[in-house]
Amino acid sequence: MDSSKMRKAISLYCGWRYRSADAPDEEWHQAQPLPTTIHLDLLSNGQIPDPFPGMNEKLVQWVGERTWIYQTSFSIPEYLLRNPQCRVAFVAEGLDTFATVTLDGQHIIQSNNMFLSHRADITKQVRAAGDGRGHTVQIVFENVEEKGQELVQRYPEHNWFTFNSGVTRLAVRKAQYHYGWDWGPKILDCGPWKPIYLEIYEARVQDVSIKTRLNSEQELAVIDVALEVEGEAKSAKIEVESEGIVIETRIVDIMDHTAVAAIEISGPKLWWPFTLGDQHLYCARITIRSAPNGEGVALDVVTKKFGIREVELIQQPLVHSEGKSFYFRINGAPIYAAGSCWIPADPILPRISPSKYRDWVSLAKESNQVMLRVWGGGIYEADAFYDACDEQGILVWQDFMFACGIYPAHTDFQTTVRKEIEQNVRRLRHHPSIVIWCGNNEDYAIPVLAKMDYDVDEDEEGIRRSKFPARLLYERLFPTICNELIPEIPYWPGSPYGGSFINSLIEGDVHQWHVWHLDKFPYQHYPRLSGRFITEFGMQAAPCEATVREFFPPGAPITAANYTEDTHVKWHNKSEGAPENLEQYCVDNIPFDNTCLAGYIYGTQLIQSEALAIAFRSWRRLWSGPGKEYCAGALVWQLNDCWPAMSWAIADHNLAPKMAFYAVKRENKPITAGLARNTEKGLYLLEAWASNLTLKDVRVQVTIKAWSARSGCIVWDHNLHTGILLPANQSTELGKVDLDSVKLDPHEGSPSALYSDLVFAIYLSSIGSFPATGTESQPSRTIARHVDFHQPLKETPLQSQADDLMVKILTEGRELFVELRARVPMKGVYLEAPDAKGLRCDDNGVDLVPDEVVKLGLSGVAQTAVKKLVVTWLHEQGWQRQEIPVN
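Counted from 1, the sequence shown has number 672 at position 672 by the UniProt record's numbering; the numbering is strictly sequential.
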């Protein structure tokens, strides 16, 4: 291939320097290779402390209050400019936020939006300069707080209102969490946060659209490819590859700088979420050439990976229930979407490497999460994030970047936002993982919470003059752009949204914060606090001890009379009143120890684990089959943290899972079982159900057992079903048992005292075969299990002592396991290996009952690295801990 005229990119990643605008001209400092930001550079050069430990966040606030200048030089070799038809562009993929770019003192780019990429044609400047002459690029990043305040004052008629992080952020198109949030620090960063480079080209592919269509039998797919071209290319060769092999080729002429092709694929391999199938990815390679019919020299080549899949958002009437469903159907298969919400993984964005993105997505998949919601107060994530979701089969709910406020809709704001939405939709639309685009996070809730009335039926001019003008964005601008650029993917105005009340339990999606926020209901109320699709809910907890130690200044002693009130613990919990709120949830449910760091961590993590387990278990129960999709998904707030924090995350910023991570993993396995204690007309009932989210029917035997929490004696062993069919992709009610009619071993005390002592467990065992006669073969392995303790846990007489727990370390080949066995029921048995950093259990925080061995796999370190295990569990009087040496 003749490459002399091919588009070439010259990276400007190195050689940059920076200084404060009020510093002397000669006071430059070396910047990190791009992409970078001012906090990263100052930190790398020792000019600021690490903002994370202790209260160092206070010490870096001055950084966001200044204007900063970046500068570099470059030259272009003469041979690259010999072609008189070639053009030179300066490309900045992201400038945070108010930035003025000059080339040799001449203005070329003005940015007011962190989420935009920029191109400037600098052909005349570099040609006029002559061969080999150096060029100087300077970027001035203005003080974002001052610029935001100027914009607020410029539009005094707008109702600048928010509950979070000040109003100036609403005027600025910048990652909103940089202003601080109720889980993260205020770090007002700026700088060239994405790559900068030069492009030298005669023609280039400006944009590629790839849309796929399936016939009803899914035996034929049509790939619609559309190109936009800059320059004088005459034809395009489009090759579709599958597993590295070209399977289809089309050559099309380029007319008026555009080209289209419809390519048929017989027997397509579909892209599925990992819970339902494989994640097959195709690749489109587009080569544009200088002559028609695929002749002439190649001018540019681009590639796009994509998947063939069909996405539908189903909203239709339900059986025996008011309202409508809200569920996703992928390739014709309804899916229960369990997962979590995603926030940016660091306030200093260039520190999030592609490998870290993959690790986070892998962590979500490990815990059986099939959907991640990219929250609207962060960023449109890096390609590496969506690539990882594509490859691992994780669905993405994508918010646009608006969160928790009354945003303006004046002309200038709409202009920059239109560019933002168009650019990012074009950049991301080929990713098969993205299954919905959503207008905002909680912006529709703000007027409700602020008791701000607005007329939902106003016309466009009426909306513009109203107290909620951003509806022009969410209900007019955004859906118009999405319908033009990605009509095959659903658009949703906001999260939450739906019904006569925006947080309706019977339509649309809901943020379920009646637990923790709002009414502060007990987490045991989750079963009645459902919704058609829950896009936020959660409970806080402390991270692991190593991360909690990052709350404190390095080397400082860590002691506190009360960790709820400790200054550093509070500093790392950005939600007002949250430490006290968390303690109340703990005190209401367990004997809580806030005077010991280990006890404080264990108690808060156990409560978070219990709360999320009850929520996931009870809401998944409502996925009851066709026409009965009463709840179709639950996304916990949140998967990750961006710094060492007390928060709702189920894994801390070091990717260390909390106990709740394992609860989420257990409750979202393909097949699960559940029990619930209830009273009905004075009767004590035990309700049982099972959930089969696979695409195959499963027949199981169902056994329920009960033990005395005090003695460990088994008091009931009941075969509920010898063989019952669990239909594919739905939950099944297994029946109710009247406990008063069950002949339990005699017990003194009232019925309520009796049942608080009882610990139940349900087991689903697979059936090898079911002959037509109805006689079943012997059950084989246990495929699902759930242990049910009385709630609140502090009323359960947990009597376990150290000698009631037997722990055995096993090796099988190169694999390491731990076996747990208990003489009495034990709650929340949690394993740690303080001397083996990186050790991971495939399950943790488990519940144990007598007559059962629980075997957990250990990974992440060599066998010899595990010197001892520390085991913690809940006791009637508090928490118990035991150290077990490993020989």
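Every residue, glycine too, gets a C-beta built ideally from N, C-alpha and C.
Handout entry: Short Cβ contact (8 Å threshold) for Cys438 with Gly494
Key = Here residue 438 corresponds to residue number 438 of the sequence shown, with the count starting at 1. Here residue 494 corresponds to residue number 494 of the sequence shown, with the count starting at 1. Yes, the Cβ-Cβ distance between Cys438 and Gly494 is below 8 Å.
Handout entry: For Ile534, the nearest candidate out of Asn573, Trp623, Gln138, Ser859 (CA to CA)
Key = Indexing the sequence shown from 1 puts residue 534 at position 534. Closest option to Ile534, Cα to Cα, is Trp623.
Problem - Sufficient close CB pairs (3 or more, under 8 Å) joining the region 494-511 to the region 520-535 - result: yes
Handout entry: Cutoff 6 Å; reference Val515; Cβ partners in own chain excluding five residues on either side
Key = As a first step, residue 515 is located in the sequence shown; it is residue number 515 there, counting from the start. Counting only Cβ-Cβ distances below 6 Å, and skipping sequence neighbours, we find Phe521, Tyr523.
Problem - Proximity winner among Trp873, Leu810, Pro797, relative to Gly828 (alpha-carbon distances) - result: Stepping through the sequence shown from its first residue, residue 828 is reached at position 828. Selected option, being the one with the closest Cα: Trp873.
Exercise for the section: Tell me whether the beta-carbon of Gly538 lies closer than 8 Å to the beta-carbon of Gln398. Expected result: As a working mapping, residue 538 is identified with position 538 in the sequence shown. As a working mapping, residue 398 is identified with position 398 in the sequence shown. With respect to the 8 Å criterion, Gly538 and Gln398 are not classified as neighbours on the basis of their beta carbons.
Exercise for the section: Rounded to whole angstroms, what's the CA-CA distance from Thr97 to Gly148? Just pull it up for me. Expected result: In the sequence shown, the residue the question calls residue 97 occupies position 97. In the sequence shown, the residue the question calls residue 148 occupies position 148. One C-alpha to the other measures close to 11 Å.
Handout entry: Val370 beta carbon less than 8 Å from that of Ala337
Key = Taking the sequence shown and counting its residues from 1, the one referred to as residue 337 is at position 337. Taking the sequence shown and counting its residues from 1, the one referred to as residue 370 is at position 370. Yes; because the gap between Cβ atoms is below 8 Å, this pair is in contact.
Exercise for the section: With DSSP as the reference, please indicate the residues paired to Asp256 in a beta bridge. Expected result: Position 256 of the sequence shown holds residue 256. DSSP, once it has assigned bridges, lists no residue as partnering Asp256.
Exercise for the section: Assign Ser731 to one of two classes, buried (16 or more other C-beta atoms within 10 Å of its C-beta) or exposed (fewer than that). Expected result: Numbered from its first residue, the sequence shown carries residue 731 at position 731. Buried: at least 16 other Cβ atoms inside 10 Å.
Practice task
Whole angstroms is fine: what's the gap from Val246's alpha carbon to Gly294's?
Solution key: In the sequence shown, the residue the question calls residue 246 occupies position 246. In the sequence shown, the residue the question calls residue 294 occupies position 294. Straight-line Cα distance between these residues: approximately 17 Å.
Exercise for the section: Would you mind sorting Ala556 into buried or exposed? The rule is 16 or more other CB atoms within 10 Å of its CB. Expected result: Start at 1 with the first residue of the sequence shown, and residue 556 comes out as number 556. With fewer than 16 other Cβ atoms within 10 Å, it is exposed.
Exercise for the section: State the beta-bridge partners of Gln512 as determined by DSSP. Expected result: Counting from one through the sequence shown, the residue named residue 512 turns up at place 512. Gln512 pairs with nothing; no bridge assigned.
Problem - Proximity to Ile308 [Cα-Cα], best of Thr36, Ile330, Lys186 - result: On the sequence shown, position 308 is the one that residue 308 refers to. Closest by alpha carbon: Ile330.
Practice task
Report the rounded CA-to-CA distance for Glu243 versus Tyr282, giving the unit in angstroms.
Solution key: Within the sequence shown, numbered from 1, the residue matching residue 243 stands at position 243. Within the sequence shown, numbered from 1, the residue matching residue 282 stands at position 282. Distance between the alpha carbons of Glu243 and Tyr282 is about 7 Å.
Handout entry: Backbone secondary structure at Gly603 - three-state DSSP
Key = Here residue 603 refers to the residue found at position 603 when the sequence shown is read from its first residue. Three-state DSSP puts Gly603 in a helix.
Handout entry: Opening and closing residue of the alpha helix (DSSP H) in which Asp412 lies
Key = Translated into the one-based positions of the sequence shown, residue 412 becomes position 412. Asp412 -> alpha helix (DSSP H) spans 411-428.
Problem - C-alpha distance - Gln701 paired with Ile463, whole-angstrom precision - result: Numbered from its first residue, the sequence shown carries residue 701 at position 701. Numbered from its first residue, the sequence shown carries residue 463 at position 463. Cα to Cα, Gln701 sits roughly 59 Å from Ile463.
Practice task
Check the DSSP bridge columns for Pro334 and list the partner residues they point to.
Solution key: As a working note, residue 334 is residue 334 in the sequence shown. In the DSSP output, where bridge partners are listed per residue, Pro334 has Arg329.
Problem - contact_flag[the region 662-669, the region 604-621] where n(CB pairs < 8 Å) is 3 or more - result: yes
Handout entry: Residue range of the alpha helix (DSSP H) that includes Cys482
Key = On the sequence shown, residue 482 is found 482 positions in, with the first residue counted as 1. Taken as a continuous stretch (DSSP letters only), the alpha helix (DSSP H) holding Cys482 covers 478-485.
Problem - Sufficient close CB pairs (3 or more, under 8 Å) joining the region 152-165 to the region 381-399 - result: no
Problem - Run of the alpha helix (DSSP H) containing Cys86, from where it starts to where it stops - result: On the sequence shown, residue 86 is found 86 positions in, with the first residue counted as 1. No alpha helix (DSSP H) contains Cys86, which DSSP labels as neither H nor E.
Handout entry: Stretch pair the region 639-653 + the region 536-554: three plus CB contacts closer than 8 Å
Key = yes
Exercise for the section: Please name the residue in Leu685, Tyr763, Lys269, Pro825 whose C-alpha comes closest to that of residue 894. Expected result: Nothing in the structure corresponds to residue 894, since the chain is present only between 1 and 887.
Exercise for the section: Report the option in Leu116, Gln153, Val126, Arg821 whose CA atom is closest to the CA atom of Ala89. Expected result: Walking along the sequence shown from the start, residue 89 turns up at place 89. Among Leu116, Gln153, Val126, Arg821, the Cα nearest to that of Ala89 is on Val126.
Practice task
Tell me, please, whether the region 139-148 touches the region 314-321 by the rule of three or more beta-carbon pairs shorter than 8 Å.
Solution key: no
Problem - Coarse secondary structure for Cys341, derived from DSSP in three states - result: As a first step, residue 341 is located in the sequence shown; it is residue number 341 there, counting from the start. Cys341 falls in the strand class under three-state DSSP.
Exercise for the section: Leaving aside the five residues before and after Ala772 along the sequence, list all residues of the same chain whose C-beta is less than 6 Å from its C-beta, in chain order. Expected result: Working through the sequence shown from its first residue, we reach residue 772 at position 772. Residue placement at Ala772 is flagged as unreliable, the pLDDT there being 37, under the threshold of 50; the coordinate-derived value follows with that caveat. Cβ within range, chain order: n/a, list empty.
Problem - Beta-carbon proximity check, Asp443 vs Ala470, cutoff 8 Å - result: In the sequence shown, residue 443 corresponds to position 443, counting from 1. In the sequence shown, residue 470 corresponds to position 470, counting from 1. Yes; because the gap between Cβ atoms is below 8 Å, this pair is in contact.
Problem - Distance CB(Thr136)-CB(Pro350) smaller than 8 Å - result: In the sequence shown, counting from the first residue as 1, residue 136 sits at position 136. In the sequence shown, counting from the first residue as 1, residue 350 sits at position 350. Not in contact: Thr136 and Pro350 (Cβ atoms no closer than 8 Å).
Problem - Segment contact, 8 Å Cβ cut-off, at least three pairs: the region 42-59 with the region 99-113 - result: no
Exercise for the section: Name the two residues that bound the continuous alpha helix (DSSP H) containing Trp360. Expected result: For the purposes of this step, residue 360 is identified with residue 360 of the sequence shown, where counting begins at 1. Where Trp360 is concerned, the enclosing alpha helix (DSSP H) stretches over 354-366.
Practice task
For Asp757, count neighbouring Cβ atoms within 10 angstroms of its own Cβ and tell me buried if that reaches 16, exposed if not.
Solution key: Along the sequence shown, one-based indexing puts residue 757 at 757. The residue in question, Asp757, is buried, as its Cβ has 16 or more Cβ neighbours within 10 Å.
Exercise for the section: Kindly identify the DSSP beta-bridge partner or partners of Ala403. Expected result: Here residue 403 refers to the residue found at position 403 of the sequence shown. Partner(s): Asn441.
Practice task
Would you kindly check if the distance between the Cβ of Asn562 and the Cβ of Thr595 is under 8 Å?
Solution key: Residue numbering aside, residue 595 sits at position 595 when the sequence shown is read from its first letter. Residue numbering aside, residue 562 sits at position 562 when the sequence shown is read from its first letter. Yes.
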